[in-house]
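Numbering (our numbering), first residue to last: 1433 to 1738. All C-beta atoms, glycine included, are put in the ideal place defined by N, C-alpha and C. Since the model is a prediction, treat every value here as computed from it, not as a measurement. Data block below; observations after.
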DNA sequence: ACTGTACCCTGTAGGC
DNA sequence: TGCCTACAGGGTACAG
């Protein structure tokens, strides 16, 4: 569900709730999410204090005392519901939540209806209750010793952070050399750039004016220099992610947080979700089309993305 | 090594 | 109303 800007927005929202707090009670309602939860997960988490929150790719990293890290991936539909001064999202005996709550995620949370997918309930010192809800259960959590993070199977193969200095036209050119996969799949590959997903890949390619169906190798260096397309793409990836984070990410469908705030970046999409609408590029009279690519929808303008 | 497809799971929207 | 299909922001496990 959430791509880098949405995960970053969730991380930022969670930061004041968790930092400096300890896990007082951990309720685990099923043995697994996408993968089995760690052995004795609740027991190992209980009593641990949160030092700080970080993000790598689409993972939220909760740094704990005793040099351990709780890594959280929200998958497609993972949400965190923060309740203060009331019951958890699971609600009271009648199934209705007591007190106020805020949903951190891309979808609204309906207390009566969605509670059956509340898989974990964390009670923090100070009284905040954080509930992990995930209908499709593509999300997962793991506990990793801090010093093993870089070698952990989930993290070892990840590509560069798109907002870091490592993502450049030259980097893309090198990684794209002699790759026949199409540009879309190349950018979706977390081993190349970590944190992009369907929406922001569509948007970055739209902004850079690049055809998602062309082979990645078109970015490869020629005559020792990266192509202008590679440089443009790197710059547009950074720009679209930066703008999206500033807007609080993208919210889809009828999402509304309990406090009324939502991400706003969905209003800025140039391509995503705009099937059959006119291309917004100045001077382009094309029409945005949707085509399935690798089992996912690609939105693009055939007229100006070459 | 690389590439494409099937699959994991649940919910929702649309056609009939 | 029900039944069916397609699709949804994620990633992995294969077969070729």
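Q: For residue 1714, write down the residues that DSSP places opposite it in a beta bridge.
A: DSSP output for residue 1714 lists no bridge partner at all.
(Q) Any heavy atom of the ligand HEM inside 7 Å of the beta-carbon of residue 1602? (A) As far as ligands go, the structure on display features none, and thus does not contain the ligand HEM.
Q: Compute the Euclidean distance between the alpha carbons of residue 1475 and residue 1671, then round it to the nearest angstrom.
A: 42 Å
Q) Who pairs with residue 1485 in a beta bridge, going by DSSP? A) 1494
(Q) Going residue by residue through the region 1566–1600, where are the continuous alpha helix (DSSP H) segments of at least 4 residues, counting only ones entirely within it? (A) 1585–1588
Q. Below 8 Å, can you find three or more Cβ-Cβ pairs linking the region 1542–1557 to the region 1457–1467?
A. yes
Q | Secondary structure of residue 1660, DSSP reduced to three states | A | helix
Q) Buried or exposed: which applies to residue 1797, given that a residue is buried once 16 or more other Cβ atoms fall within 10 Å of its Cβ? A) Examination of residue 1797 is not possible in this model, given that the chain is present from 1433 through 1738 alone.
Q | For residue 1539, three-class secondary structure by DSSP | A | coil
Q. How about the region 1448–1455 and the region 1486–1493: do they share at least three Cβ pairs that are nearer than 8 Å?
A. no
Q. Using CA coordinates, which residue listed in 1695, 1721, 1667 is at the minimum distance from residue 1707?
A. 1721
Q: Tell me, please, whether the region 1601–1616 touches the region 1639–1657 by the rule of three or more beta-carbon pairs shorter than 8 Å.
A: yes
Q | Pair within 8 Å by beta-carbon distance, residue 1596 and residue 1435 | A | no
Q.
With three or more beta-carbon pairs closer than 8 Å as the criterion, would you say the region 1536–1551 touches the region 1493–1504?
A. no
Q) Per the contact definition of three or more C-beta pairs closer than 8 Å, is the region 1724–1734 in contact with the region 1634–1646? A) yes
Q) If we ignore side chains and look at the alpha-carbon of each, how far apart do residue 1437 and residue 1589 end up? A) 21 Å
Q. Assuming residue 1662 contacts residue 1702 under a Cβ cut-off of 8 Å, what Cβ separation, rounded to an integer in Å, is found between them?
A. Incorrect: roughly 20 Å between the Cβ atoms, too far for contact.
Q. Can you give the beta carbon distance from residue 1510 to residue 1571, rounded, assuming they're within the 8 Å contact cut?
A. 4 Å
**Q.** Reference residue 1466, options 1513, 1504, 1613, 1633, closest by Cα
**A.** 1504
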